[in-house]
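A.B. asks: Take this structure first; my questions come after.
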Amino acid sequence: MSDDKKEKKSALADFARRPGPDGDDDDPPSPVWPDPDPEGRERRERRWFRREKAAKERRHLPDLAELILGMTFFGNDLPADVQTWAERVYALIPEDDRDDHQALREHLIILTVSASLDDLTDASEAFRRAGKLKRINASEAAMRLDYYRACVGDRHTPWRIAGEAISRAHDRKTPQDQALDYAVAAVGWLLHAGRYEPLSADRLARQPSRPRSSFRADATDLGLDLLERILNERKRRLYRRVEAYFKRLYEPDRVGMSSPPDTGEAGAGDLKPGDPGAIVFRAVGNVETSQRVAREFSRLLNKRLRLARRPDLTTVSKALADEFPHAAEIISAILSELVPLDIVRLRPILLVGEPGAGKTRFAERLCDALSLPHETYSCGGVADAALGGTARRWMSAEPSLPVSLIRRLRHASPGIILDEIEKVGTGRHNGNALDALLPMLEPLSAAHWHDPYIQSPVDLSHVVWIATANELRSLPGPLRDRFRVFRFPEPGPEHLVPLAERLMAEIIVECGLDRRWAIPLDGEELAALQAAWPGGSVRVLRRLVERLLMARDRWKAEEEVQ
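Each number in the working numbering comes from the position in the sequence shown (counting from 1) with 1 added on.
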């Protein structure tokens, strides 16, 4: 597929624009409109079934859209639907002396006791003459009455119902699943109106009696039958084009889809020929079960994704030591692993220390200094194995955390910070996050890790894993063996000055000010901090610095008043 970023189109639209395999160009493809709310399909279905059940039980009066889409009448009875609707609309008609309003009230009173075709016709025409009403849409009320008329056998109104349905189907704001149902209704009412033959009074008297809802059932059956034939043929033609497209472009095998080998040209992630990179995704397994997954990863298959170059380690070490003077030994030990390498590639790291020592912040600053795009994943309360992905057969299917991050960032070596990993739930009813992590942390298995969403091996060997924990006792032995464990020290009183200055600069920036405006702490302020903070949690020190700055501002304000 093309990597041109100027024109973004769906894969299906791209397939449809391609000529057929045998020169079958006499079938111009129709446009594929994006679904405004694809995630809402399941929510709309649940809402539909809930409302339909309520309508049957006389707890919900369907609106016009729901009636056109085929929802049952109120109490499964058309006269009851008409009566209930008329009673509710009557309260919305202004009680004044205008002739049109008085006529509407009279017609609605009649509908509460009679739902004959003549009564419905008179009421619909009254709403069309009434013009604009403040509390009800008069045109929609007239259309609802037309729908009632069509359902009881009127031969003029099916055309109007078909026009309303096709207008709603053509509206780009209508979700595609509802647009199909509107199209079914439109085609059905059109066919029903087109085959209607007016009967004389004698012939009509000889016709067998029909339920009032049978006209609507006929329209629905006719529409479904015709559209099913049309869509089946369209599906066969589109399938042939898709099959030919993949055969020319990807040469698929029996169970999966692969992409042509990378040629070294700039492409995924703006990777240039000289930049370090690695192929993470080589195939999408079992394409037949989900074309959507194949389209999601089609641009990344067999594409070299960027790897982070090793930066100047002296600069990185100095920047980290200035911000974390109490972690100088850990900084040196971690960066020493990068000395013989040209890229950033670290074994999994586990930082263990007291709460507030700065472990998570250090992990984030380490990724920033090494130019690694990263994400912090809070493990507290995680009680399933969603971190390892969800199988494609489930409605909530999604790729694993590293695969999702690589796809979003288009980077082969993102950093993943597992914050407070010891707080992961120990239950295994829906899997366990720590069990899912084990193969991702082992270099050999990570290079060929099978993602359940892609259903194919992916290369996660370049992902940088950094975990933090307050203690090690709750972590299983196999997990500890896969990490380089570092005891993250708490800062002592000797680190007060650099830490306090950094925290003060951060607080000033968070207040929307320039850090250059920060006035250095004087001797009295430092002495006060030393007396209140003997070392330990950086969070406690930050709160003390915040109070000190507030006291400084209050003292300046009082001085200006005096």
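Cβ coordinates follow ideal geometry from the N, Cα and C atoms, glycine included.
Can you list the alpha helix (DSSP H) stretches of 4 or more residues lying completely in the stretch 305-347, in chain order?
C.D. replies: Listed in chain order, they are 314-324, 329-337.
A.B. asks: From 47, 526, 389, pick the residue whose C-alpha is nearest to that of residue 451; which is it?
C.D. replies: Taking the first residue of the sequence shown as 1, we reach residue 451 at position 450. Measuring from the Cα of residue 451, the nearest candidate turns out to be 389.
A.B. asks: Please say whether residue 350 and residue 485 have beta carbons closer to each other than 8 Å?
C.D. replies: Here residue 485 refers to the residue found at position 484 when the sequence shown is read from its first residue. Here residue 350 refers to the residue found at position 349 when the sequence shown is read from its first residue. Yes.
A.B. asks: How many Å lie between residue 148 and residue 47 at the Cα?
C.D. replies: Translated into positions along the sequence shown, residue 148 becomes position 147. Translated into positions along the sequence shown, residue 47 becomes position 46. Rounded to the nearest angstrom, the two C-alpha atoms are 25 Å apart.
A.B. asks: Report yes or no: do three or more beta-carbon pairs, one from the stretch 374-388 and one from the stretch 342-358, lie closer than 8 Å?
C.D. replies: In short, these stretches do not touch, since the Cβ pair count stays below three.
A.B. asks: Spatial neighbours of residue 544 within its chain, please: C-beta separation below 6 Å, excluding the five flanking residues on both sides.
C.D. replies: Against the sequence shown, residue 544 aligns to sequence position 543. Once the five neighbours on either side are set aside, residue 544 has no close Cβ partner at all.
A.B. asks: Of all the options 357, 493, 116, 69, which has the alpha carbon lying nearest to the alpha carbon of residue 81?
C.D. replies: For this step, residue 81 is matched to residue 80 along the sequence shown. Among 357, 493, 116, 69, the Cα nearest to that of residue 81 belongs to 116.
A.B. asks: State the DSSP-derived secondary structure class of residue 452, mapped to helix, strand or coil.
C.D. replies: Here residue 452 refers to the residue found at position 451 when the sequence shown is read from its first residue. Looking at residue 452 - three-state DSSP - the assignment turns out to be strand.
A.B. asks: With contact counted as at least three CB pairs below 8 Å, one residue from each stretch, are the stretch 389-398 and the stretch 446-465 in contact?
C.D. replies: A contact exists between the stretch 389-398 and the stretch 446-465.
A.B. asks: Need the endpoints of the beta strand (DSSP E) that residue 375 sits in, please.
C.D. replies: Taking the sequence shown and counting its residues from 1, one reaches residue 375 at position 374. Where residue 375 is concerned, the enclosing beta strand (DSSP E) stretches over 375-379.
A.B. asks: Distance, Cα to Cα, residue 322 vs residue 178?
C.D. replies: In the sequence shown, counting from the first residue as 1, residue 322 sits at position 321. In the sequence shown, counting from the first residue as 1, residue 178 sits at position 177. Each residue's alpha carbon lies about 58 Å from the other.
A.B. asks: Does the structure place the stretch 96-116 close enough to the stretch 53-63 that three or more beta carbon pairs sit under 8 Å?
C.D. replies: In short, these stretches do not touch, since the Cβ pair count stays below three.
A.B. asks: Going by beta carbon distance, what residues of the same chain come within less than 8 Å of residue 129, once the five residues before and after it are set aside?
C.D. replies: Stepping through the sequence shown from its first residue, residue 129 is reached at position 128. Counting only Cβ-Cβ distances below 8 Å, and skipping sequence neighbours, we find 139, 140, 143.
A.B. asks: Which residues does DSSP pair with residue 296 in a beta bridge?
C.D. replies: Translated into positions along the sequence shown, residue 296 becomes position 295. According to DSSP, which records beta bridges pairwise, residue 296 is partnered with nothing at all.
A.B. asks: Classify residue 44: buried if its beta carbon has 16 or more other beta carbons within 10 angstroms, exposed otherwise.
C.D. replies: Against the sequence shown, residue 44 aligns to sequence position 43. Answer is exposed; the Cβ neighbour count stays below 16.
A.B. asks: Can you list, in chain order, the residues of its chain with a C-beta nearer than 7 Å to that of residue 511? Leave out the 5 residues immediately preceding and following it.
C.D. replies: Locating residue 511 in the sequence shown gives position 510, where the first residue counts as 1. Excluding residues within five positions, none has a Cβ falling inside 7 Å.
A.B. asks: Can you tell me the Cα-Cα spacing of residue 524 and residue 363, whole angstroms?
C.D. replies: On the sequence shown, residue 524 is found 523 positions in, with the first residue counted as 1. On the sequence shown, residue 363 is found 362 positions in, with the first residue counted as 1. Each residue's Cα considered, the two are about 28 Å apart.
A.B. asks: Report buried or exposed for residue 155, applying the criterion of at least 16 other Cβ atoms within 10 angstroms of its Cβ.
C.D. replies: Numbered from its first residue, the sequence shown carries residue 155 at position 154. Buried: at least 16 other Cβ atoms inside 10 Å.
A.B. asks: Using CA atoms only, rank isn't needed, just tell me which of 529, 527, 134, 397 is closest to residue 96.
C.D. replies: Your numbering for residue 96 matches position 95 in the sequence shown. It is 134 whose Cα lies nearest to the Cα of residue 96.
A.B. asks: Does DSSP classify residue 430 as helix, strand or coil?
C.D. replies: Here the question's residue 430 lines up with position 429 in the sequence shown. Here residue 430 sits in strand by DSSP.
A.B. asks: According to DSSP, is residue 596 helix, strand or coil?
C.D. replies: Since the first residue shown for the chain is 2 and the last is 563, residue 596 is missing from the structure and cannot be characterised.
A.B. asks: Should residue 505 go down as buried or exposed, given a rule of 16 or more other Cβ atoms within 10 Å for buried?
C.D. replies: To locate residue 505, count along the sequence shown from 1; it is residue 504. Result: buried.
A.B. asks: Compare the beta carbon distance of residue 520 and residue 466 with 8 Å and say whether it is the shorter of the two.
C.D. replies: By 1-based counting over the sequence shown, the position of residue 520 is 519. By 1-based counting over the sequence shown, the position of residue 466 is 465. Cβ atoms of residue 520 and residue 466: not closer than 8 Å.
A.B. asks: DSSP three-state call for residue 95: helix, strand or coil?
C.D. replies: Working through the sequence shown from its first residue, we reach residue 95 at position 94. Looking at residue 95 - three-state DSSP - the assignment turns out to be coil, as it is neither helix nor strand.
A.B. asks: Please name the residue in 494, 555, 191 whose C-alpha comes closest to that of residue 528.
C.D. replies: Mapped onto the sequence shown, residue 528 falls at position 527. When only C-alpha atoms are compared, the closest one is 494.
A.B. asks: Could you tell me whether the stretch 427-444 touches the stretch 336-344, using the rule of 3 or more Cβ pairs below 8 Å?
C.D. replies: As far as the Cβ criterion goes, the stretch 427-444 does not touch the stretch 336-344, which means the pair count is below three.
A.B. asks: Once DSSP output is grouped into helix, strand and coil, what is the label at residue 488?
C.D. replies: The residue labelled residue 488 in the question sits at position 487 within the sequence shown. Three-state DSSP puts residue 488 in a strand.
A.B. asks: State the beta-bridge partners of residue 496 as determined by DSSP.
C.D. replies: Along the sequence shown, one-based indexing puts residue 496 at 495. Note: residue 496 sits in no beta bridge, so no partner.
A.B. asks: Which residues in the same chain have their Cβ closer than 8 Å to the Cβ of residue 501, if we skip the five residues on either side of it in sequence?
C.D. replies: For the purposes of this step, residue 501 is identified with residue 500 of the sequence shown, where counting begins at 1. Closer than 8 Å at the Cβ level, and outside the excluded window around residue 501, lie 522, 527, 530, 542, 546.
A.B. asks: Quick check: what's the CA-CA separation for residue 212 versus residue 79?
C.D. replies: For the purposes of this step, residue 212 is taken as residue 211 along the sequence shown, with counting starting at 1. For the purposes of this step, residue 79 is taken as residue 78 along the sequence shown, with counting starting at 1. Any answer about residue 212 is weak, because its pLDDT of 45 lies below 50 and its placement is not dependable; what the coordinates show is given next. Going from the Cα of residue 212 to the Cα of residue 79 covers about 10 Å.
A.B. asks: If contacts are defined as beta-carbon pairs under 8 Å, then residue 280 and residue 183 qualify, I think. What distance do you get, rounded to the angstrom?
C.D. replies: Taking the sequence shown and counting its residues from 1, one reaches residue 280 at position 279. Taking the sequence shown and counting its residues from 1, one reaches residue 183 at position 182. Contact flag wrong, Cβ pair sits at about 45 Å.
A.B. asks: Hey, is residue 555's beta-carbon within less than 8 Å of any beta-carbon in chain D?
C.D. replies: Of the chains in the structure shown, none is chain D; there is only one protein chain.
A.B. asks: Using the C-alpha atoms, what's the distance from residue 327 back to residue 461?
C.D. replies: Reading the sequence shown from its first residue, position 460 is the one you call residue 461. Reading the sequence shown from its first residue, position 326 is the one you call residue 327. The alpha-carbon atoms of residue 461 and residue 327 are separated by roughly 32 Å.
A.B. asks: How is residue 74 classed by DSSP in three states: helix, strand or coil?
C.D. replies: For the purposes of this step, residue 74 is taken as residue 73 along the sequence shown, with counting starting at 1. If DSSP states are grouped into helix, strand and coil, residue 74 belongs with coil.
A.B. asks: Which residue from 507, 515, 370 puts its Cα closest to that of residue 316?
C.D. replies: Sequence index remark: in the sequence shown, residue 316 carries index 315 (1-based). Among 507, 515, 370, the Cα nearest to that of residue 316 belongs to 370.
A.B. asks: Near residue 146, which residues of its chain fall below 6 Å by C-beta distance, leaving aside the five closest residues on each side in sequence?
C.D. replies: In the sequence shown, residue 146 corresponds to position 145, counting from 1. Result list for residue 146: 121, 124, 125, in chain order.
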